[in-house]
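A.B. asks: Residue numbering for the sequence shown follows the UniProt record's numbering, beginning at 1 and increasing consecutively.
Structure in structure tokens, see below.
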Amino acid sequence: MTRVVFLLVPQLHLLDLAGPAQVFSSAADLGYDYRLHYVAEREQVPTVQGVPLVADTRWPELTPDDLVLVPGWRPAAHGPQGPVSPVDLRRLADHHAAGGTVASVCAGAYALGRAGLLDGRRCTTHHEVQDDLARRHPAARVVRDVLYVVDDRVVTSAGIASGIDVALHLVATRHGPAVAARIARTLVVYARRNGHEQQASAMMRHRSHLSDAVHQVQDLIDSRYAEPLPLAELAAAGGVAERTLTRLFRATTGLTPLGYQQLLRVERAEHLIGHGATVEAAARTVGFTDARMLRRLRARPTGSAPARNGSSRPGIGTPPAASRAA
């Protein structure tokens with residue numbers, strides 16, 4: 001079980017709360033054991049939009065698997081730092097120190113800053129208060145013009161609709177991008193990411209389309225990217241012919257199925273290498289027979305197109321004869 005605890009303050013923005021809550025609620029509908037809690041200093045919590053909320057004044061017992069999220073509020077209501085009590089600030093700091101994750105939407109970043117969680121870390125917030133956040137917390141490294149930033153279990157987002165993006169990211173981190181993409185389709189939103197940050201996984205960058213057939217094929221590739229996958233099997237998963245799949249996949253993602261799989265493999269390999277794995281070990285883990293193909297793909301300039309895959313190829317994950325061992 002994972003608890004998601006929303007810390008509510010007076011004059012919070014409804015969408016800052018409702019967007020992430022809907023994502024985690026949808027994950028629970030899919031069978032993932034999320035329990036949502038809403039806590040505040042007082043039971044009645046007024047919102048900017050005028051809808052009153054009812055919260056619990058008692059916090060649940062937390063474990064490192066749990067998430068505490070602070071939605072944003074209207075800065076003019078009580079100043080951008082907001083009316084978060086010293087007791088609740090200590091709870092935020094203690095949860096992180098115990099191995100838990102803390103997150104914020106919009107002006108909620110001020111609470112994380114006051115709790116000492118932004119010092120020395122990258123973070124972001126709504127563009128209208130980025131300068132003020134940087135001024136009040138000079139030890140923080142405020143990143144501008146991104147949807148969200150993740151730094152050592154401290155997650156900050158730009159605000160309003162980006163709360164959905166950061167919640168989808170957290171679901172993808174725990175359960176895989178296919179689950180996050182399924183929830184995004186349920187919510188009828190794009191599974192968006194930062195777009196230019198390294199953490200913006202290819203699994204999500206190339207989900208900004210509305211082709212259900214291609215989404216289904218991506219779900220299969222996401223879950224089995226380290227395996228050779230025959231094009232016929234992928235086409236069957238999407239309910240289309242092989243030639244149609246190749247055309248649709250390129251039209252919606254800008255990649256071939258092979259190119260998409262290669263991106264997933266390389267990104268996963270980069271993660272493993274960054275955590276101490278050798279290039280050879282990482283290559284084998286992500287599905288290459290040895291490190292030659294991985295080295296070749298890593299040497300490409302950022303943003304260059306991966307290898308193409310025409311309908312004459314037997315499938316994806318099966319290298320051509322010239323590089324069969326890679």
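No residue lacks a Cβ here, since even glycine has one placed at the ideal position from N, Cα and C.
1. What residues are listed by DSSP as bridge partners for residue 44?
2. Tell me the start and end of each unbroken beta strand (DSSP E) in the region 57 to 94 that is at least 3 residues and wholly inside, in chain order.
3. Going along the chain, which unbroken runs of the beta strand (DSSP E) with 3 or more residues stay wholly within the region 132 to 174?
4. Would you check if the distance between the CB atom of residue 181 and the CB atom of residue 145 is smaller than 8 Å?
5. Check for me: the alpha helix (DSSP H) holding residue 110 runs from which residue to which?
6. Buried or exposed: where does residue 215 fall if 16 or more other Cβ atoms within 10 Å of its Cβ makes it buried?
7. Less than 8 Å between the CB atoms is what I'm expecting for residue 111 and residue 70, so what's the real figure, rounded?
8. Can you tell me where the alpha helix (DSSP H) with residue 24 in it begins and where it stops?
9. Counting along the chain, where does the alpha helix (DSSP H) carrying residue 236 start and finish?
10. Which same chain residues, not among the five before or five after residue 221, have their C-beta less than 8 Å away from its C-beta?
11. How many angstroms separate the CA atom of residue 250 from the CA atom of residue 42?
12. Does DSSP classify residue 215 as helix, strand or coil?
13. Quick check: the region 43 to 56 against the region 85 to 99, are at least 3 beta-carbon pairs closer than 8 Å?
14. To the nearest angstrom, how far is it from the Cα of residue 279 to the Cα of residue 162?
15. At which residues does the alpha helix (DSSP H) containing residue 103 begin and terminate?
16. Determine the direct distance from the alpha carbon of residue 150 to that of residue 271, and round the result to whole angstroms.
17. From which residue to which residue does the beta strand (DSSP E) around residue 288 run?
18. According to DSSP, residue 39 sits in a beta bridge with which residue or residues?
19. Using beta-carbon positions only, say whether residue 232 and residue 217 come within less than 8 Å of one another.
20. Would residue 11 be called buried (16 or more neighbouring beta carbons within 10 Å of its own) or exposed?
21. Kindly list the residues whose CB is nearer than 7 Å to the CB of residue 44, restricted to its own chain and excluding five residues on each side of it in sequence; keep chain order.
22. Taking all protein chains shown into account, decide if residue 138 is buried (16 or more other Cβ within 10 angstroms of its Cβ) or exposed.
23. In or out: residue 330 buried (at least 16 other Cβ within 10 Å) or exposed?
24. Looking only at its own chain, which residues have a Cβ that is under 6 Å from the Cβ of residue 172, when we skip the five neighbours before and after it?
25. Restricting to runs no shorter than 4 residues, where is the alpha helix (DSSP H) found entirely within the region 256 to 280?
26. Take residue 14 and list the residues in its own chain whose beta-carbon comes closer than 8 Å to its own, dropping the five residues that flank it on each side.
27. Taking the DSSP output, what are the residues bridged to residue 330?
28. Residue 76: which of 1, 155, 132 sits nearest, CA to CA?
29. Can you tell me which of 118, 136, 24 puts its alpha carbon nearest to the alpha carbon of residue 79?
C.D. replies: In short:
1. Translated into positions along the sequence shown, residue 44 becomes position 44. According to DSSP, which records beta bridges pairwise, residue 44 is partnered with 54.
2. 67 to 70
3. 148 to 151, 154 to 157
4. Counted from its first residue, the sequence shown places residue 181 at position 181. Counted from its first residue, the sequence shown places residue 145 at position 145. Going by C-beta atoms, residue 181 is not nearer than 8 Å to residue 145.
5. In the sequence shown, the residue the question calls residue 110 occupies position 110. From DSSP, the alpha helix (DSSP H) with residue 110 extends over 109 to 114.
6. Numbered from its first residue, the sequence shown carries residue 215 at position 215. Buried, since its Cβ has 16 or more Cβ neighbours within 10 Å.
7. For this step, residue 111 is matched to residue 111 along the sequence shown. For this step, residue 70 is matched to residue 70 along the sequence shown. Right, the Cβ-Cβ distance comes to about 5 Å (below 8 Å), so this counts as a contact.
8. The residue you call residue 24 lines up with position 24 of the sequence shown. 14 to 29 is the span of the alpha helix (DSSP H), which, as asked, contains residue 24.
9. As a working mapping, residue 236 is identified with position 236 in the sequence shown. Here the alpha helix (DSSP H) through residue 236 covers 231 to 238.
10. The residue labelled residue 221 in the question sits at position 221 within the sequence shown. Result list for residue 221: 229, 234, 257, 260, 261, 264, 316, in chain order.
11. The residue labelled residue 250 in the question sits at position 250 within the sequence shown. The residue labelled residue 42 in the question sits at position 42 within the sequence shown. The straight-line gap from Cα to Cα measures roughly 53 Å.
12. As a working mapping, residue 215 is identified with position 215 in the sequence shown. Looking at residue 215 - three-state DSSP - the assignment turns out to be helix.
13. no
14. One-based indexing of the sequence shown puts residue 279 at position 279. One-based indexing of the sequence shown puts residue 162 at position 162. Taking the straight line joining both Cα atoms gives about 35 Å.
15. Residue numbering aside, residue 103 sits at position 103 when the sequence shown is read from its first letter. Per DSSP, residue 103 belongs to no alpha helix (DSSP H); it is in the beta strand (DSSP E), 101 to 105.
16. Mapped onto the sequence shown, residue 271 falls at position 271. Mapped onto the sequence shown, residue 150 falls at position 150. Computed Cα separation, rounded: 15 Å.
17. In the sequence shown, counting from the first residue as 1, residue 288 sits at position 288. Counting along the chain, residue 288 falls outside any beta strand (DSSP E), and DSSP gives it neither H nor E.
18. Counting from 1 along the sequence shown, the entry for residue 39 is found at position 39. Residue 39 is bridged to 7, 56.
19. On the sequence shown, position 232 is the one that residue 232 refers to. On the sequence shown, position 217 is the one that residue 217 refers to. Taking 8 Å as the Cβ cut-off, residue 232 and residue 217 do not qualify as a contacting pair.
20. Numbered from its first residue, the sequence shown carries residue 11 at position 11. Flag for residue 11 reads buried.
21. Numbered from its first residue, the sequence shown carries residue 44 at position 44. So the qualifying residues of the chain are 52, 54.
22. Numbered from 1 along the sequence shown, position 138 holds the residue referred to as residue 138. It is exposed - the Cβ of residue 138 has fewer than 16 other Cβ atoms within 10 Å.
23. In this structure the chain extends from 1 to 326, so residue 330 is not present and cannot be described.
24. Position 172 of the sequence shown holds residue 172. Closer than 6 Å at Cβ, skipping near neighbours: 180.
25. 257 to 274
26. Position 14 of the sequence shown, counting from 1, holds the residue named residue 14. Cβ neighbours of residue 14 beyond the five flanking positions: 47, 48, 49, 51.
27. Lying outside 1 to 326, the shown extent of the chain, residue 330 is not represented and no answer is given.
28. Here residue 76 corresponds to residue number 76 of the sequence shown, with the count starting at 1. If we check each option's Cα against that of residue 76, 132 comes out closest.
29. Along the sequence shown, one-based indexing puts residue 79 at 79. The shortest Cα separation from residue 79 among 118, 136, 24 belongs to 136.
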